[in-house]
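Here is the structure we will look at.
Protein chains: 2
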Amino acid sequence: MARWEPNAPERLAQAALELFAERGYENTTVLDIAQRAGLAKSTFFRHFQDKREVLFREDALTGPLLAAIAASPAGAAPLEALARGLDALGLHVLKPERRDMAIRRRAVIDANLDLREREALKGVSLTAAIVRALEDRGASDLAATVAAELGALALQISYERWSDPAATADFGEIAAQAMDEVRAAASSL
Amino acid sequence: MARWEPNAPERLAQAALELFAERGYENTTVLDIAQRAGLAKSTFFRHFQDKREVLFREDALTGPLLAAIAASPAGAAPLEALARGLDALGLHVLKPERRDMAIRRRAVIDANLDLREREALKGVSLTAAIVRALEDRGASDLAATVAAELGALALQISYERWSDPAATADFGEIAAQAMDEVRAAASSL
Chain A
14 MARWEPNAPE
24 RLAQAALELF
34 AERGYENTTV
44 LDIAQRAGLA
54 KSTFFRHFQD
64 KREVLFREDA
74 LTGPLLAAIA
84 ASPAGAAPLE
94 ALARGLDALG
104 LHVLKPERRD
114 MAIRRRAVID
124 ANLDLREREA
134 LKGVSLTAAI
144 VRALEDRGAS
154 DLAATVAAEL
164 GALALQISYE
174 RWSDPAATAD
184 FGEIAAQAMD
194 EVRAAASSL
Chain B
14 MARWEPNAPE
24 RLAQAALELF
34 AERGYENTTV
44 LDIAQRAGLA
54 KSTFFRHFQD
64 KREVLFREDA
74 LTGPLLAAIA
84 ASPAGAAPLE
94 ALARGLDALG
104 LHVLKPERRD
114 MAIRRRAVID
124 ANLDLREREA
134 LKGVSLTAAI
144 VRALEDRGAS
154 DLAATVAAEL
164 GALALQISYE
174 RWSDPAATAD
184 FGEIAAQAMD
194 EVRAAASSL
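First to last, the protein sequences are chains A and B.
Per the working numbering, the first sequence starts with residue 14, numbered consecutively.
Per the working numbering, the second sequence starts with residue 14, numbered consecutively.
Here it is in structure tokens:
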């Protein structure tokens with residue numbers, strides 16, 4: 014009988030990162046991850062399609078980002094709506110206590126081609142989702158696409174800076190700065 | 014004894030596309046591809062790391078694109094250098110007689126998750142290579158990154174429009190138009 018498991022995706026992701034750091038991504042099985050998290054293997058597969066996916070809990074970022082874009086004032090320009098989205102990520106997801114996990118996650122992905130491929134694909138999917146969210150606000154196809162590429166770039170730069178062990182600022186501050194830089198660079202091309 | 018095989022990568026890519034269209038990507042082996050091209054399996058692996066790679070002859074696009082960026086006048090802005098790169102692709106690689114192959118390639122990739130992942134990763138690698146080429150010309154890290162993202166977007170839009178069965182214009186014309194549109198959208202954000 015399936016029990017309700019509080020916060021299972023989070024626990025599985027945490028367990029996976031521990032195991033990947035201890036014995037490597039290749040030497041860790043889904044069963045290992047489930048056992049470390051104190052959960053059944055079937056619980057893993059209720060939440061993730063395969064082992065790679067445990068590192069890409071896309072709803073964790075995509076949901077709050079798109080919700081904040083949708084909730085931006087009607088008159089806000091695409092990049093302004095995106096800036097609000099990044100700010101929401103800092104407040105609700107990429108909180109200071111999550112930074113250690115982000116640093117470890119980065120190291121695992123960088124070391125594995127399959128994971129870098131999956132990450133690249135997720136980046137493409139996220140950008141496509143941002144395009145749709147901006148079009149829903151009335152932006153033209155091209156304006157939405159260009160803004161989404163620049164917003165995704167600001168997110169990537171912010172995430173890299175924030176998950177640098179030497180970083181001290183909150184994600185929201187880092188993201189606001191990155192967005193300003195990207196905007197300035199785009200307008201001066 | 015290994016013979017010199019004229020134009021082997023091109024012949025293998027052509028044979029692969031024929032077979033993928035006839036029997037599907039999953040049902041085609043590397044041996045099938047080599048045999049259809051009249052080449053040895055070992056010749057395939059001299060040119061491509063795996064079956065997926067035969068659809069991504071990256072040097073075919075990356076080499077001419079980066080060479081044209083590097084050959085742009087010293088004073089050319091990053092997006093101007095990129096526009097020259099896209100023009101070179103139209104002249105030397107994405108020629109009218111290659112369009113049928115591009116249309117068939119698109120259909121194979123769209124139908125397969127593994128291939129879409131590899132394509133996303135190739136897109137990320139290509140963008141990174143463009144960033145380095147622009148930095149070599151003296152652009153700052155951020156200016157090079159923003160220009161490379163916009164240039165890669167213009168390339169993607171151009172390639173999609175050009176490989177649309179209904180397209181009639183040459184790649185160079187389509188790319189110049191797409192670059193103008195992307196530039197205008199970026200400066201009006």
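Even glycine gets a Cβ: it sits at the ideal position worked out from N, Cα and C.
Per-residue contacts from residue i into chain A (C-beta, under 7 angstroms)
{"i": "B:Glu186", "result": "Chain A residues near B:Glu186: none, gap ~18 angstroms exceeds 7 angstroms."}
{"i": "B:Leu107", "result": "Under the 7 angstroms cutoff, chain A gives no residues; its nearest Cβ is about 21 angstroms from B:Leu107."}
Any C-beta of chain B under 8 angstroms from that of residue i
{"i": "A:Ser200", "result": "yes"}
{"i": "A:Leu229", "result": "Because chain A spans 14 through 202 in this model, residue 229 of chain A falls outside it and cannot be assessed."}
Interface partners of residue i on chain B, CB under 8 angstroms
{"i": "A:Pro91", "result": "Leu202"}
{"i": "A:Glu194", "result": "Leu155"}
Cutoff 8 angstroms: residue i Cβ touching any chain A Cβ
{"i": "B:Leu155", "result": "yes"}
{"i": "B:Met14", "result": "Only weak support exists for where B:Met14 lies, its pLDDT of 42 falling under 50; the value from the coordinates is given anyway. No, B:Met14 does not count as interfacial toward chain A."}
{"i": "B:Leu74", "result": "no"}
Closer than 7 angstroms at the beta carbon, the chain B residues around residue i
{"i": "A:Ala160", "result": "Leu202"}
Proximal residues of chain A, C-beta to C-beta of residue i below 8 angstroms
{"i": "B:Leu99", "result": "Under the 8 angstroms cutoff, chain A gives no residues; its nearest Cβ is about 15 angstroms from B:Leu99."}
Where the alpha helix (DSSP H) containing residue i begins and where it ends
{"i": "B:Glu204", "result": "This structure cannot settle anything about residue 204 of chain B, because the visible part of chain B is limited to 14 through 202."}
{"i": "A:Pro91", "result": "Pro91 to His105"}
{"i": "A:Glu110", "result": "Element bounds for A:Glu110: n/a, residue is neither H nor E."}
{"i": "A:Gly151", "result": "That residue, A:Gly151, is in no alpha helix (DSSP H); it is neither H nor E in DSSP."}
{"i": "A:Thr56", "result": "Lys54 to His60"}
{"i": "A:Asp193", "result": "Phe184 to Ser200"}
Interface residues of chain A facing residue i [CB-CB closer than 9 angstroms]
{"i": "B:Leu163", "result": "Val159, Glu162, Leu163, Ala199 and Leu202"}
CB contact check: residue i to chain D, cutoff 8 angstroms
{"i": "A:Ala21", "result": "Absent from the structure is chain D; the protein chains it does hold are A and B."}
Residue i Cβ short of 7 angstroms to the ligand GTP heavy atom set
{"i": "B:Ala73", "result": "By its list of ligands, the structure shown contains no ligand whatsoever, and the ligand GTP lies outside what it can speak to."}
**Request:** Note down, in chain order, all residues in the stretch 130-141 of chain B with a beta-carbon under 8 angstroms from any beta-carbon belonging to chain A.
**Result:** Glu130, Arg131, Ala133, Leu134, Gly136 and Val137
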